[in-house]
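Asker: Let me begin by handing over the structure; questions about it come next.
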Amino acid sequence: METSRVRPHPLRRVVTEQPVPTSSAWRVRIRMDDHPGTLARIAIRLADLECNILGLSVLPVPGGVLDEIVLRPASGLPRQHLIDAMREEGCECSAVIDADVHELVDSASTTLGAARRAVETPASVAEVLKDVLTADVVTLVPALEANPARTEGGHRAVFALDRDTALVARRHWAPFVDLEITRALALTGLLAAVEENVSGPVVLDRHDGAAVVLRKGTPGDAGAVSELHRRCSMNTLFRRYHTGVRTVPRRWLHRLLVPPRGSSVLAVCGREVIGLGQLIPGAAGGPAEVSLLVEDAWQRQGIGTALLSRLGVLARADRFAELSAVCLPGDDTLVRTAARAGMSAERTGEDGAVRILLD
Numbered sequence: 018m019e020t021s022r023v024r025p026h027p028l029r030r031v032v033t034e035q036p037v038p039t040s041s042a043w044r045v046r047i048r049m050d051d052h053p054g055t056l057a058r059i060a061i062r063l064a065d066l067e068c069n070i071l072g073l074s075v076l077p078v079p080g081g082v083l084d085e086i087v088l089r090p091a092s093g094l095p096r097q098h099l100i101d102a103m104r105e106e107g108c109e110c111s112a113v114i115d116a117d118v119h120e121l122v123d124s125a126s127t128t129l130g131a132a133r134r135a136v137e138t139p140a141s142v143a144e145v146l147k148d149v150l151t152a153d154v155v156t157l158v159p160a161l162e163a164n165p166a167r168t169e170g171g172h173r174a175v176f177a178l179d180r181d182t183a184l185v186a187r188r189h190w191a192p193f194v195d196l197e198i199t200r201a202l203a204l205t206g207l208l209a210a211v212e213e214n215v216s217g218p219v220v221l222d223r224h225d226g227a228a229v230v231l232r233k234g235t236p237g238d239a240g241a242v243s244e245l246h247r248r249c250s251m252n253t254l255f256r257r258y259h260t261g262v263r264t265v266p267r268r269w270l271h272r273l274l275v276p277p278r279g280s281s282v283l284a285v286c287g288r289e290v291i292g293l294g295q296l297i298p299g300a301a302g303g304p305a306e307v308s309l310l311v312e313d314a315w316q317r318q319g320i321g322t323a324l325l326s327r328l329g330v331l332a333r334a335d336r337f338a339e340l341s342a343v344c345l346p347g348d349d350t351l352v353r354t355a356a357r358a359g360m361s362a363e364r365t366g367e368d369g370a371v372r373i374l375l376d
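Note that the numbering used here has the sequence shown beginning at 18, numbered continuously upward.
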């Protein structure tokens, strides 16, 4: 007995469709005319595509508006299908990229949160600006290499940080618009103001009520700094300069107060300078060098700790992660001072070199 074999109809085919990978959320940029009802049509069309709108930002651009919509797409919806639907509504869909719903907050909150992070951790400014601009990459470069005239079709933007450095932002998926540039400029302007305030005077909170102020040294303080050295003992001066000095030559005073590429911080009580700290940036990205001098009568009263803490704040603002100093062999005064200032310090050799970590 022969069994019959059922054959499929020649016109009947079994089609197995591969599911389209779908992100949990998309960030969509749609350029449209600024006319009443346009956004309503877009919302209705997205509803027809079973897309759920999670957030909306309107970015003014020349000749219209650019709406940035964060949405949850329908399962299996191809991105090109969405782009074609927006085109049929007379709009241009310039970008469709993956988004993170956990970061879905309003732009003002995002920028303020980013500003706080940048103020608390100046070294993270490139990463913070990357988040603010939703950029692909932000790099810190020397100002001479930034080349602001090079735009790369609007996908590149340059923001000066100071005279020597700049941030270069790049983004492949969409050009930067004026509103985004304005936010970034506001952020870098805030950081510049904070950095300027960092170098301002600070009044120490002392239990004995003495009014001690930490402030930046200026050439006009040369006489007071000379008197500071005159009041210091030979032992104190030897620990600072590692040589027998009693008086400081006039040409030294200017370099002490305005060191090359660096800065000085004075501890002042009344009209007298009772302490001096220096911060000198290292070469080729190395650690910044610090030095301290505190008058004998004010030692062991927290002046050195306060000066080192202030130098650490200035170093962090200049994006240094560590400090270095040279002490006499067997002299652990700076190591103990760093510990009281909340820093980790260690000797790196028998030559008296000390390494101080800021974080």
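Note that the Cβ used here is the ideal one computed from N, Cα and C, for glycine as well.
Roughly how many angstroms separate the alpha carbons of Ala228 and Ser326, rounded to a whole number?
Answerer: In a straight line, the C-alpha of Ala228 is about 18 Å away from that of Ser326.
Asker: Do Ala163 and Ala17 count as a contact pair if the criterion is CB distance below 8 Å?
Answerer: Residue 17 lies beyond the range of the chain shown here (18 to 376); nothing can be said about it.
Asker: Hey, is the region 349-368 in contact with the region 245-254, meaning 3+ C-beta pairs nearer than 8 Å?
Answerer: By the criterion of at least three beta-carbon pairs nearer than 8 Å, the region 349-368 is not in contact with the region 245-254.
Asker: In whole angstroms, give me the CA-to-CA distance for Ala209 and Leu178.
Answerer: 7 Å
Asker: Could you check if Ala57 is buried or exposed, using at least 16 other CB atoms within 10 Å of its CB as the buried criterion?
Answerer: exposed
Asker: Could you work out which residue in Asp153, Leu99 and Gly240 is closest to Ile291 when comparing CA atoms only?
Answerer: Gly240
Asker: For Pro218, which of helix, strand or coil comes out of DSSP?
Answerer: coil
Asker: Measure how close the beta-carbons of Leu152 and Ala186 come, nearest whole angstrom, since I'm counting them as under 8 Å.
Answerer: The sequence given here has Ala at residue 152, not Leu. With a Cβ gap of about 4 Å, Ala152 and Ala186 count as contacting.
Asker: Tell whether a beta-carbon distance below 8 Å holds between Leu150 and Ala201.
Answerer: yes
Asker: The beta strand (DSSP E) spanning Arg183 covers which residue range?
Answerer: The displayed chain sequence assigns Ala, not Arg, to residue 183. Thr182 to Arg187 is the span of the beta strand (DSSP E), which, as asked, contains Ala183.
Asker: By the DSSP assignment, the alpha helix (DSSP H) with Met251 in it spans what residues?
Answerer: Met251 to Tyr258
Asker: Give me the Cβ distance between Leu328 and Gly287, rounded to the nearest whole Å; I'm assuming they're in contact under 8 Å.
Answerer: Between Gly287 and Leu328 the Cβ distance is about 23 Å, and since that is not below 8 Å, they are no contact.
Asker: So, are the CB atoms of Val311 and Ile320 less than 8 Å apart?
Answerer: yes
Asker: What are the start and end residues of each continuous beta strand (DSSP E) run of 3 or more residues lying completely inside the region 124-184, in chain order?
Answerer: 154-159 and 173-177
Asker: State the Cα-Cα distance for the pair Glu339 and Arg372, rounded to the nearest angstrom.
Answerer: 7 Å
Asker: For Asp195, name the three-state secondary structure that DSSP assigns.
Answerer: Helix at Asp195.
Asker: For the beta strand (DSSP E) that Met49 lies in, which residues bound it at each end?
Answerer: Trp43 to Met49
Asker: In the DSSP assignment, find the unbroken beta strand (DSSP E) run with Gly321 in it and report its ends.
Answerer: For Gly321, there is no enclosing beta strand (DSSP E); the enclosing alpha helix (DSSP H) covers residues Ile320 to Ala334.
Asker: Considering Arg267, what are the terminal residues of the alpha helix (DSSP H) in which it resides?
Answerer: Residues Arg267 to Leu274.
Asker: What are the partner residues of Val343, as DSSP defines its beta bridges?
Answerer: In the DSSP output, where bridge partners are listed per residue, Val343 has Ala370.
Asker: Applying the criterion that 16 or more other CB atoms from any shown protein chain within 10 Å of the CB defines a buried residue, is Pro218 buried or exposed?
Answerer: exposed
Asker: Look up Pro38 in the DSSP assignment and say whether it is helix, strand or coil.
Answerer: Since pLDDT at Pro38 reaches only 47, below the 50 mark, its modelled position is unreliable, and the value read off the structure follows with that caveat. In this structure, Pro38 counts as coil in the three-state DSSP scheme.
Asker: Curious, which full-length beta strand (DSSP E) runs of at least 3 residues does the region 56-84 contain?
Answerer: 69-78
Asker: Do Leu73 and Leu196 count as a contact pair if the criterion is CB distance below 8 Å?
Answerer: no
Asker: With DSSP as the reference, label Ser92 as helix, strand or coil.
Answerer: coil
Asker: By the DSSP assignment, the beta strand (DSSP E) with Val230 in it spans what residues?
Answerer: Val229 to Lys233
Asker: Which residue or residues does DSSP assign as beta-bridge partners of Ile297?
Answerer: Glu306
Asker: Please classify Glu244: does DSSP put it in a helix, a strand, or coil?
Answerer: helix
Asker: Roughly how many angstroms lie between the CA atoms of Asp313 and Gly366, to the nearest whole one?
Answerer: Approximately 28 Å, taken between the alpha carbons.
Asker: Give me, in chain order, the residues of the same chain whose beta-carbon lies closer than 7 Å to that of Thr260; leave out the 5 immediate sequence neighbours on both sides.
Answerer: Short of 7 Å from the beta carbon of Thr260, and not among the five residues preceding or following it, lies no beta carbon of its own chain.
Asker: Going straight from the alpha carbon of Ala335 to that of Ser361, what length do you get?
Answerer: Residue identity differs from the one stated: residue 335 is Asp in this sequence, not Ala. So the alpha carbons of these two residues sit roughly 19 Å apart.
Asker: For a quick check, are the C-beta atoms of Gly347 and Leu283 less than 8 Å apart?
Answerer: no
Asker: Can you tell me which of the three DSSP states Arg225 falls into?
Answerer: Position check: residue 225 holds Asp in this sequence, whereas Arg was assumed. Secondary structure of Asp225 (DSSP, three-state): coil.
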